[in-house]
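Note sheet for the following structure.
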Amino acid sequence: MRLFFELAARSFRRTLTYRIATLAGLITNIFFGLIRSSVLVALFGQQSEVSGYTVTSIITYTGLSQALIAYLMLFGWYDLMDGVHTGEISTQLLKPLSLFRYWLAHDLGRAIAHLFLRGVSIMLIYELMFDLTYPKDLGHWLALLVSLFFAWWLSMVWRFLVNLAAFWSPNAQGFGRLLFFAANFFSGFMMPLGLFPDWLQTLCYLTPFPYMINVVIEIYLNIITGSELFFLLGLQLVWILGLSLISQFILTMGIRKLAIAGG
Amino acid sequence: MGLYLKLVGVQIRSQMRYRSQFVLDTLALLLVTGLEYASLALVFERFKSIQGWSLAEVAFLYGLVEMAFGLTDMIFGGFDAPRFGRFIRQGSFDQMMLRPIGITLQVLGSDFNLKRFGKMAVGVVIFSYALSHLSITWTVAKLLYFPLVVLGLVLFFGGLFIIGATIIFWTVESTEVMNIFTYGGSFMMSYPMNIYETWLRNLFTFVVPAIFLNYYPALFFLGKPDPFNFPAFAPFLAPLAGLAVFLISLGFWRFGLKHYQSTGS
């Protein structure tokens, strides 16, 4: 366990050193957030509330969804794939902790750094520009923290699973891109799921993706409360366990197949 | 011109070698563009309009911009900032400079990517949807002007790509900020400009003349009134604004070339 946190700490510090990249990413995320909020506010027009969302909470939504991009690596993560293609995976497999825990530790450090650098910072700048909604009490703040943590964990398991495709195909990147972008539609990243037609919302909630984004955001906006909140936190855990089992199974098959060229 | 076609031909043949990768990449681009629009269309059911624009009218704008941006991405892909940054860092750009052929033409011919056809195709589909749901009276003037608007948009986006690439001469790393101008610009221009706050709209009117390439031509084609009371010729500035941005970007590119120092790799 000490090794796990040591790895995470290193990856945390490494992420902190990319200052220019952080600033560039921050500006880009905020710019897109501004456009997305303009679109949604214009759609609302004179209506003050649509399916649980007010104008204030829809603006907050655009900030939150932009704030989650770097934390959850929503536009793709291919580090494990690169390792398989370059052969670096052979050293990763020799580490004194499992391949999954190695990457989990690595990603934890990165995620925590990004949560502050490109998450909290976006919300602070949003606060200067707009009126925002906040979790209504201490309990909600705590629930938010738990669901944020679960969302990262679930997203990491999912990204790990997608990356395993590299064991079978040298073109896995294109395949990954396809899946990552489709996920952004079903997760509530492109538009809040609450504004989708009811049948589509039901469909989305049959996938693990809303548990990475939409659930976190709706807890923040106080749309999910009470017993429903505990139920959804539980479902986040269920998906984490489910996808973990599947990925372990596929990883075993992939490693059996793996041949590393020496050199 | 013959040389350019040859460069492009080589790339198309090499891309066709990796058939499955080509199909996957095209599909991914198709999905990205398609889902983005789909999410808007699906949400639209709960609202009547977006500041006086119906879904079909937005689709006209959205399809037009996506088509032109897809076309630009295909033609000017060599100037795409992340790719061009790799070029500079790996020293491929230095190799190019040693060849007895114009450098600009070589960069232009260095990444003609057929998969970006997927993005354009989605634009065509969205645009067709708009045409079938709107009853636009196509006068001769409109028919003649339409290709000029597309040309203006392609020159405009092409110019932004070139500016992004030129900045890399100094920064070496490609910075994500350039995405604001290319992808951010096209994303923003897919929506009617009257939804943005005044400062943002002014930025894209007087600093970057984007508003004359999407919003004003669309007002003309759709026969919508101008809420900002610009002069009556505003819708017809598209080719001019596109050309201006393109020429400025070429000037900047030449300036950058003169000041380029290799990374030494």
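Going line by line, the protein sequences match chains A and B.
Taking this note's numbering, the leading residue of the first sequence gets 1, the next gets one more, and so forth.
Taking this note's numbering, the leading residue of the second sequence gets 1, the next gets one more, and so forth.
Don't be surprised by glycine CBs; every beta carbon is placed ideally from N, CA and C.
Computed from a predicted model, the values in this text were never measured in an experiment.
Residue range of the alpha helix (DSSP H) that includes Y145 (chain B): Here residue 145 (chain B) refers to the residue found at position 145 when the second sequence is read from its first residue. It spans 140–171 - the alpha helix (DSSP H) in which Y145 (chain B) sits, taken as one unbroken run.
L53 (chain B) - partner residues in DSSP beta bridges: Taking the first residue of the second sequence as position 1, residue 53 (chain B) is located at position 53. According to the sequence provided, residue 53 (chain B) is Trp. The question's Leu does not apply to it. Per DSSP, B:I50.
Proximity test, Cβ basis, 8 Å: R46 (chain B) and chain A: Residue mapping note: residue 46 (chain B) aligns to position 46 of the second sequence, counting from 1. Yes, its Cβ sits closer than 8 Å to a Cβ of chain A.
Cβ of M120 (chain B) within 8 Å of any chain A Cβ: Here residue 120 (chain B) refers to the residue found at position 120 of the second sequence. No, because no Cβ of chain A sits closer than 8 Å to the Cβ of M120 (chain B).
Contact residues within the stretch 181–193 of chain B, judged by C-beta distance below 7 Å to chain A: Going along the stretch 181–193 of chain B in chain order, one finds G184, F187, M188, Y191 with a Cβ nearer than 7 Å to chain A.
Close beta carbons around S57 (chain A), own chain, < 7 Å, minus the five adjacent residues each side: The residue given as residue 57 (chain A) occupies position 57 in the first sequence. Cβ within range, chain order: T133, L221.
CB contact check: P197 (chain A) to chain B, cutoff 8 Å: Stepping through the first sequence from its first residue, residue 197 (chain A) is reached at position 197. For P197 (chain A), the answer is yes, since a Cβ of chain B falls inside 8 Å of its Cβ.
Burial state of H133 (chain B) (16 or more Cβ within 10 Å): As a position in the second sequence, residue 133 (chain B) is number 133, starting the count at 1. It counts as exposed.
L97 (chain A) at chain B interface by Cβ criterion, 8 Å: On the first sequence, residue 97 (chain A) is found 97 positions in, with the first residue counted as 1. No, its Cβ sits nowhere closer than 8 Å to a Cβ of chain B.
Closest residue to M212 (chain A) among A:L144, A:S90, A:F167 (Cα-Cα distance): Taking the first sequence and counting its residues from 1, the one referred to as residue 212 (chain A) is at position 212. Ranking A:L144, A:S90, A:F167 by Cα distance to M212 (chain A) puts A:L144 first.
Within 9 Å of chain A by C-beta, residues of the stretch 195–228 of chain B in sequence order: I195, Y196, E197, L200
Cross-chain neighbours of N179 (chain B) in chain A, by beta carbon under 8 Å: Numbered from 1 along the second sequence, position 179 holds the residue referred to as residue 179 (chain B). Near N179 (chain B) (Cβ distances below 8 Å), the residues of chain A are T28.
Cβ neighbours of F189 (chain A) in the same chain (closer than 7 Å, five flanking residues each side left out): Counted from its first residue, the first sequence places residue 189 (chain A) at position 189. Excluding positions up to five away in sequence, the list reads S65, L74, I213.
Opening and closing residue of the alpha helix (DSSP H) in which E266 (chain A) lies: What the structure shows of chain A is the stretch from 1 to 263, and residue 266 (chain A) is not part of that stretch, so it cannot be assessed.
Cβ neighbour criterion (16 or more within 10 Å) applied to H259 (chain B): The sequence position of residue 259 (chain B) within the second sequence is 259, counting from 1. Using a 10 angstroms sphere on the CB of H259 (chain B), the tally of other CB atoms stays under 16, which defines it as exposed.
Three CB pairs or more closer than 8 Å across the stretch 105–125 of chain B and the stretch 66–84 of chain B: Enough Cβ pairs lie closer than 8 Å, so yes.
The alpha helix (DSSP H) enclosing L229 (chain A), as first and last residue numbers: Taking the first sequence and counting its residues from 1, one reaches residue 229 (chain A) at position 229. From DSSP, the alpha helix (DSSP H) with L229 (chain A) extends over 226–257.
C-beta atoms of G281 (chain A) and A9 (chain A) nearer than 8 Å: No statement about residue 281 (chain A) is possible, as the shown extent of chain A runs from 1 to 263 and does not include it.
is_contact[F181 (chain A), chain B] using C-beta, thresh 8 Å: The sequence position of residue 181 (chain A) within the first sequence is 181, counting from 1. True, the Cβ-Cβ gap to chain B drops below 8 Å.
Cβ of V55 (chain A) within 8 Å of any chain B Cβ: Sequence index remark: in the first sequence, residue 55 (chain A) carries index 55 (1-based). V55 (chain A) does not count as touching chain B.
Below-8 Å beta-carbon distance, I35 (chain A) vs any chain B residue: Within the first sequence, the letter at position 35 stands for residue 35 (chain A). Taking Cβ atoms only, chain B reaches closer than 8 Å to I35 (chain A), which makes this a yes.
Under 9 Å from the C-beta of A113 (chain A): neighbouring residues of chain B: Here residue 113 (chain A) refers to the residue found at position 113 when the first sequence is read from its first residue. Correct list: empty, because the minimum Cβ distance to chain B is about 17 Å.
Touching by the beta-carbon criterion (3+ pairs, under 8 Å), the stretch 169–185 of chain B and the stretch 222–239 of chain B: no
Close Cβ partners of A165 (chain A) (< 8 Å) along its chain, the five nearest in sequence each way excluded: Here residue 165 (chain A) is taken as the residue at index 165 of the first sequence, counted from 1. Hits under 8 Å: M81, A172, F175, G176.
Pair within 8 Å by beta-carbon distance, V157 (chain A) and S37 (chain A): One-based indexing of the first sequence puts residue 157 (chain A) at position 157. One-based indexing of the first sequence puts residue 37 (chain A) at position 37. No Cβ-Cβ contact shorter than 8 Å links V157 (chain A) with S37 (chain A).
CB contact below 8 Å: A28 (chain B) versus chain A: Here residue 28 (chain B) corresponds to residue number 28 of the second sequence, with the count starting at 1. True, the Cβ-Cβ gap to chain A drops below 8 Å.
Sufficient close CB pairs (3 or more, under 8 Å) joining the stretch 9–21 of chain B to the stretch 190–204 of chain A: no
Alpha-carbon to alpha-carbon, V238 (chain A) and F5 (chain A): For the purposes of this step, residue 5 (chain A) is identified with residue 5 of the first sequence, where counting begins at 1. For the purposes of this step, residue 238 (chain A) is identified with residue 238 of the first sequence, where counting begins at 1. Going from the Cα of F5 (chain A) to the Cα of V238 (chain A) covers about 25 Å.
Opening and closing residue of the alpha helix (DSSP H) in which W77 (chain A) lies: Position 77 of the first sequence, counted from the first residue, corresponds to residue 77 (chain A). W77 (chain A) -> no alpha helix (DSSP H), and no H or E assigned at all.
Same chain, Cβ closer than 7 Å to V215 (chain A), five either side skipped, listed in chain order: For the purposes of this step, residue 215 (chain A) is identified with residue 215 of the first sequence, where counting begins at 1. Correct list, in chain order: S147, I224, L232, Q236.
Three-way DSSP call (helix, strand, coil) for Y53 (chain A) in this model: The residue labelled residue 53 (chain A) in the question sits at position 53 within the first sequence. The answer is strand: DSSP assigns Y53 (chain A) an E or B state.
Contact list for L267 (chain A) against chain B, beta-carbon separation under 9 Å: In the structure as shown, chain A begins at 1 and stops at 263. Residue 267 (chain A) is therefore absent and cannot be evaluated.
Distance between D131 (chain A) and T15 (chain A) (C-alpha atoms, nearest Å): Taking the first residue of the first sequence as 1, we reach residue 15 (chain A) at position 15. Taking the first residue of the first sequence as 1, we reach residue 131 (chain A) at position 131. Near 31 Å, if we compare the C-alpha coordinates of D131 (chain A) and T15 (chain A).
Residue-level contact to chain A via CB, V150 (chain B), 8 Å cutoff: In the second sequence, the residue the question calls residue 150 (chain B) occupies position 150. Not an interface residue.
Same chain, Cβ closer than 6 Å to K224 (chain B), five either side skipped, listed in chain order: In the second sequence, the residue the question calls residue 224 (chain B) occupies position 224. Same-chain partners within the cutoff: there are none.
CB contact below 8 Å: V32 (chain B) versus chain A: Stepping through the second sequence from its first residue, residue 32 (chain B) is reached at position 32. So yes, V32 (chain B) belongs to the interface.
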